[in-house]
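What follows is a set of notes on a single structure, which appears directly below.
There are 2 protein chains.
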Amino acid sequence: MVVELISVGTEILLGNIVNTNAAYLAEKCAALGLSCYHQSVVGDNEERLTEAVEVACKRADVVILSGGLGPTQDDLTKEVVAKVFHKDLFMDKHSKERIERYFKSKKAEMTENNWKQAMMPEGAIIIDNENGTAPGLIIEENGTHIILLPGPPNELIPMFENSIRDYLNHMEPGIIYSQIVKICGISESKVETIVADLMEEQSNPTLAPYAKMGEIHLRVTAKAENEKEAKKLVKPLVKELKVRFGESVYSTEENTTLEKAVVDLLLANKLTVATVESCTGGLLAARLINVPGVSEVFKSGHITYSNKAKRKILGIKKSTLDKNGAVSEIVAKEMAKGASLVSKADVTVSVTGIAGPDGGTQEKPVGLVYIGCNVCGKTTVQENHFSGTRAQIRENTVAAALILMRKCILEYYSQITFGDKSEII
Amino acid sequence: MVVELISVGTEILLGNIVNTNAAYLAEKCAALGLSCYHQSVVGDNEERLTEAVEVACKRADVVILSGGLGPTQDDLTKEVVAKVFHKDLFMDKHSKERIERYFKSKKAEMTENNWKQAMMPEGAIIIDNENGTAPGLIIEENGTHIILLPGPPNELIPMFENSIRDYLNHMEPGIIYSQIVKICGISESKVETIVADLMEEQSNPTLAPYAKMGEIHLRVTAKAENEKEAKKLVKPLVKELKVRFGESVYSTEENTTLEKAVVDLLLANKLTVATVESCTGGLLAARLINVPGVSEVFKSGHITYSNKAKRKILGIKKSTLDKNGAVSEIVAKEMAKGASLVSKADVTVSVTGIAGPDGGTQEKPVGLVYIGCNVCGKTTVQENHFSGTRAQIRENTVAAALILMRKCILEYYSQITFGDKSEII
């Protein structure tokens with residue numbers, strides 16, 4: 084089956100936004116075994132949109148359009164598709180009620196143009212939007228499936244996950260099953276070297292690496308008649324990857340993020356945690372707190388961006404700051420220790436660094452970041468050199484802090500349990 | 084003049100990478116006054132690439148292809164374009180020497196297929212690649228300009244900046260100028276209603292709205308012979324928008340984010356700030372700290388996710404928490420006040436809410452968030468109802484908190500300074 088993607092929106096044509104929807108949909112469709120040979124972008128223009136839809140319907144079995152379902156006059160994806168297939172639009176009562184409820188729940192005022200979003204082409208399958216007012220819809224016509232999704236990613240993604248994926252999955256016999264192996268603390272090129280032979284000989288299952296901030300995800304995917312057969316194909320390769328990467332594998336679960344792996348490790352060892360951040364300004368705490376259930380382990384977080392706050396909240400001596408500078412190994416160590424005294428948490432992690440764009444010197448350049456981690460009294464400090472923008476340096480720092488926390492906790496327990504940390508990676 | 088972008092690469096069709104090149108090129112072309120009506124993505128496939136080039140050359144004056152200039156057999160953009168225009172390829176001595184030098188400087192081994200990158204269609208303008216081995220090229224044929232650029236952004240961007248921009252700039256008289264009007268605290272549909280008549284009558288300048296978390300950006304764009312003329316067209320509409328939206332306009336600067344507008348307001352009024360967060364877990368502080376220069380105003384941030392931390396760090400009474408629950412108007416108020424006592428900051432902002440997915444009740448559903456803001460002793464609490472995932476609720480909360488901070492500071496100063504807030508923007 085062939086799928087074609089059409090993204091609708093002048094803001095993409097003008098380069099005001101990056102087309103992440105196309106990448107998301109392309110990846111999901113590939114995982115479902117659909118072949119994608121064309122993606123295109125057109126603006127909210129009737130003539131050009133009509134042509135794009137007509138051309139795509141000739142080339143593909145499934146055409147997914149995203150964007151242009153908003154309440155304004157500009158938005159005309161639904162209207163154009165209805166016209167191409169000679170369908171009238173009618174007011175869908177169910178969607179109308181949902182839109183009313185949506186505004187009520189938000190205690191927001193509704194304007195006349197919002198009703199436009201409840202107008203639907205006859206015969207369309209209507210997909211409720213859990214995160215906005217524009218419903219999605221599917222039209223089946225002469226064997227072609229035309230799927231319309233709202234443009235905002237926070238509406239498009241849940242709609243795809245909850246409804247469209249299943250719809251597409253049932254279209255083709257056989258299934259695709261995949262499992263992920265999530266690795267942290269090893270560089271992309273090193274991971275590729277370790278799996279080079281497996282990449283070379285892959286066919287079914289396939290093995291595909293994806294690099295993420297501080298992490299590498301290896302996806303093992305098999306095609307088979309049924310799930311049982313597919314799982315049987317996937318299992319030995321996943322096992323082999325676990326052997327090769329050892330403790331660097333932090334999860335093989337789709338929904339387990341690095342922060343969840345760290346929180347799970349804290350929960351499993353009945354450890355509490357506190358954070359103290361300078362240049363990351365709360366991002367590390369925010370990522371930990373993204374994990375539901377973190378309240379059992381998270382004691383407190385402190386953002387001590389200024390030297391004054393470092394002294395006042397953590398009790399770091401002025402002389403230490405003056406002598407070594409705020410971005411130094413000793414200050415990272417003292418911050419982690421100070422947080423431990425203030426919070427009484429078992430694990431404390433500290434961040435101090437230069438995120439830029441200003442503030443760097445030859446000795447201490449932008450990107451220099453010290454991360455401290457205290458586990459039950461034992462403090463480790465890691466020096467890091469990151470590159471990129473202020474935002475990238477901060478995100479890299481958060482990933483590195485999570486990886487260091489995981490490493491320090493594993494090492495601590497390996498020492499008190501086995502007395503030999505060399506077995507642990 | 085019309086430009087069309089073709090991105091070549093299977094990795095984009097598979098969703099393995101996001102097409103940032105298209106966004107970059109689109110933005111740059113728009114700034115040069117070129118109109119872009121189509122962008123497309125095709126794989127490294129001769130037939131489909133040929134068709135895409137032929138179609139684009141019929142529709143556009145300038146066709147920019149990116150990707151597919153690599154040394155492997157897969158890469159065939161140059162070969163396809165040469166074939167479409169019936170041109171032979173020949174070995175370009177200058178490019179051959181450059182490629183040799185490049186490998187020498189990197190102390191890397193050269194493989195036989197690297198010579199492929201020095202093969203050029205006859206009559207092409209060759210563009211040196213300062214950051215890789217694939218030269219770019221331009222072919223002019225029957226009034227159409229076909230530009231081929233390498234796919235890696237770190238090669239494509241410098242090549243565009245150093246050579247292609249000037250080439251394009253000389254092609255068309257006249258320029259495009261745009262200004263942005265950034266609005267916060269008003270819903271998208273309400274904004275649309277307010278500007279409906281302006282949208283209706285737009286031609287030059289045009290008016291285009293973009294929705295962002297908690298914000299709407301209105302872009303006013305004019306085409307004219309020179310910058311002065313274009314600015315003259317843009318100015319009255321920007322002025323009109325400022326009148327219609329009043330204090331809801333937080334900036335008309337391209338690079339001013341909402342958090343920067345808030346930090347600027349703090350700096351201008353010599354106010355210091357502290358944050359205290361529950362469900363957002365540091366995200367609010369992190370967004371403020373994303374602004375370079377925030378250190379002058381940011382005193383400290385506290386993450387009091389647990390009730391214990393709320394009591395210990397902020398001194399909130401156990402009875403208050405027991406009676407009202409942590410997610411309540413009174414606790415938000417006490418948190419803001421507590422933070423004010425602890426930090427001695429002039430402005431303190433507090434967040435307490437239920438980000439989900441669990442923890443909601445009928446009375447206090449997921450998405451209920453109270454935001455408190457204390458400005459020099461005057462505390463305001465806002466009740467919010469957000470929907471979406473845990474991450475979305477948290478992001479919406481951060482945007483709402485920034486908007487509330489801005490509003491409270493403006494109100495405070497309008498009352499003490501003028502007694503009439505309508506005069507303040």
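Quick note, the sequences are listed as chains A and B, same order.
Quick note, the first sequence lines up with residues 84 to 508 if you use the working numbering.
Quick note, the second sequence lines up with residues 84 to 508 if you use the working numbering.
C-beta atoms are modelled at their ideal positions from N, C-alpha and C, and glycine is treated no differently.
Values in this document were obtained by computation on a predicted structure and should not be read as measured data.
For residue j and residue i, the rounded distance between their alpha carbons
| i | j | result |
| --- | --- | --- |
| A/Ala-305 | A/Ile-258 | 8 angstroms |
| A/Asp-158 | B/Cys-491 | 35 angstroms |
| B/Ala-344 | A/Val-124 | 33 angstroms |
| A/Asn-56 | A/Ser-389 | Residue 56 of chain A falls outside the range modelled here, since chain A spans only 84 to 508, and no answer is possible. |
| A/Lys-111 | A/Tyr-185 | 28 angstroms |
| A/Ile-240 | B/Gly-460 | 43 angstroms |
| B/Thr-358 | A/Val-332 | 36 angstroms |
| A/Leu-115 | A/Lys-187 | 37 angstroms |
| B/Ala-279 | B/Ile-266 | 16 angstroms |
| A/Thr-194 | A/Met-202 | 15 angstroms |
| B/Ser-261 | B/His-253 | 20 angstroms |
| B/Glu-284 | B/Leu-88 | 30 angstroms |
| B/Leu-96 | A/Tyr-293 | 15 angstroms |
| A/Asn-196 | B/Val-274 | 12 angstroms |
| A/Leu-320 | A/Val-303 | 7 angstroms |
| B/Lys-447 | B/Gly-439 | 11 angstroms |
| A/Met-84 | A/Tyr-107 | 18 angstroms |
| A/Gln-122 | B/Asp-175 | 34 angstroms |
| A/Glu-360 | A/Lys-416 | 12 angstroms |
| A/Thr-276 | A/Ser-270 | 10 angstroms |
| A/Glu-514 | A/Lys-189 | Residue numbering for chain A in the displayed model covers 84 to 508; residue 514 of chain A lies beyond these limits and cannot be assessed. |
Any C-beta of chain A under 7 angstroms from that of residue i
| i | result |
| --- | --- |
| B/Phe-381 | yes |
| B/Ser-433 | no |
| B/Gly-365 | yes |
| B/Asn-390 | no |
| B/Asn-102 | yes |
| B/Val-449 | no |
| B/Ser-378 | yes |
Simplified DSSP assignment, three categories, for residue i
| i | result |
| --- | --- |
| A/Asn-457 | strand |
| B/Ala-294 | strand |
| A/Leu-281 | helix |
| B/Ser-149 | strand |
| B/Asn-237 | helix |
| A/Asn-309 | coil |
| B/Ser-423 | helix |
| B/Ala-438 | coil |
| A/Ser-90 | strand |
Contact with chain B by residue i, beta-carbon distance below 7 angstroms
| i | result |
| --- | --- |
| A/Ile-372 | yes |
| A/Cys-119 | yes |
| A/Val-136 | no |
| A/Ile-386 | yes |
| A/Gly-98 | yes |
| A/Val-124 | yes |
| A/Lys-189 | yes |
| A/Asn-457 | no |
Identity of the residue in the options nearest residue i by Cα
| i | options | result |
| --- | --- | --- |
| B/Pro-204 | B/Lys-187, B/Gln-475, B/Ser-178 | B/Ser-178 |
| B/Val-356 | B/Lys-400, B/Val-425, B/Ala-415, B/Asn-245 | B/Val-425 |
| A/Leu-117 | A/Val-346, A/Gly-206, A/Leu-341, A/Arg-248 | A/Arg-248 |
| A/Thr-160 | A/Glu-137, A/Leu-493, A/Asp-175, A/Glu-180 | A/Glu-137 |
| B/Phe-173 | B/Gln-200, B/Gln-156, B/Ile-182, B/Lys-189 | B/Gln-200 |
| A/Glu-129 | A/Lys-318, A/Val-91, A/Lys-295 | A/Val-91 |
| B/Ala-207 | B/Asn-214, B/Glu-213, B/Pro-218, B/Leu-281 | B/Pro-218 |
Same chain, Cβ closer than 8 angstroms to residue i, neighbours up to 5 away in sequence not counted
| i | result |
| --- | --- |
| B/Asn-99 | none |
Cβ shell of residue i (< 6 angstroms), same chain only, five flanking positions each side left out
| i | result |
| --- | --- |
| A/His-228 | Val-145 |
| A/Asn-467 | Val-452, Ala-483 |
| B/Tyr-496 | none |
| A/Ile-405 | With the sequence shown as reference, residue 405 of chain A is identified as Asp, and Ile is not the correct amino acid for it. Answer for A/Asp-405: no residue qualifies. |
| A/Gly-268 | Ser-331, Ile-486 |
Other residues of its chain near residue i: CB distance less than 7 angstroms, five sequence neighbours each side excluded
| i | result |
| --- | --- |
| A/Ile-372 | Phe-381 |
| B/Met-488 | Val-345, Val-430, Val-432, Cys-456 |
| A/Asn-287 | Ala-305, Lys-306, Leu-316 |
| B/Gly-150 | Ser-90, Val-91, Gly-92, Thr-160, Gly-234 |
| A/Val-167 | Thr-133, Val-136, Glu-137 |
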